[in-house]
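Data first, discussion second: the structure below is written as structure tokens.
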Amino acid sequence: SIQHVREFLVARYLLENPKEEPTLVEERISAVPVWNLEVPQQDNGFDCGVFMLHFIELWFLGGFMQKFISAPMSLDHRSLFTADDIVSKRQFLIDLILELDVWLHQNPGKAPPSAFFAKQQVAPLLTRLLNWPFGWWITYVIHRYLCDFRIGDLSIPRFF
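In UniProt numbering, the protein residues as written are 1 to 160.
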């Protein structure tokens with residue numbers, strides 16, 4: 001439920017900011033509006049992660065987030081992308097992982113240069129996700145909703 005997400009956000013924020021007053025943090029996070037968006041769902045037991053990544057990419061890089069923030073649209077986004085888009089995304093991720101594996105074996109002990117990810121057009125997405133107001137754990141929240149609970153919608157907090 002959204003209450004569990006809010007509790008997680010409070011706990012994580014207080015862990016990273018131990019001098020903050022817990023009551024104030026709870027009040028701020030409980031005041032964040034939430035919309036339940038209906039998003040495309042996989043029809044199998046193995047594509048939830050690819051669906052999640054594709055939705056995040058569209059949200060951040062496709063201008064969808066800015067459009068939604070400036071003028072909240074319909075909450076039904078089940079036609080945002082198709083199963084064919086996911087087939088392409090899965091192949092892109094497979095190619096990326098295989099190429100990264102080759103690079104890491106050729107360069108043991110080194111981190112891939114940013115040029116590697118720029119060539120793969122991954123850097124903008126990673127940069128946007130890492131700069132998200134709550135850091136990496138927004139993906140945890142999204143993953144919990146899309147994969148663990150298998151519910152038909154995704155709650156997106158409005159932090160803006």
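We put the CB at the ideal spot given by N, CA and C, even for glycine.
{"Query": "Burial state of Trp103 (16 or more Cβ within 10 Å)", "Result": "exposed"}
{"Query": "Spatial distance of Asp47 from Leu53 (CA atoms)", "Result": "10 Å"}
{"Query": "Separation of Ala31 from Pro22, as counted between CA atoms", "Result": "14 Å"}
{"Query": "Local Cβ density within 10 Å of Val39, reported as buried at 16 or more and exposed below that", "Result": "buried"}
{"Query": "Rounded separation between Lys19 and Tyr13 - CA only", "Result": "10 Å"}
{"Query": "Simplified DSSP state of Asp76, which is helix, strand or coil", "Result": "strand"}
{"Query": "Rounded C-alpha distance that separates Ser79 from Gly109", "Result": "43 Å"}
{"Query": "Where the beta strand (DSSP E) containing Val34 begins and where it ends", "Result": "Val34 to Glu38"}
{"Query": "Under 9 Å between C-beta atoms of Phe92 and Leu58", "Result": "no"}
{"Query": "Distance CB(Leu100)-CB(Asp76) smaller than 9 Å", "Result": "no"}
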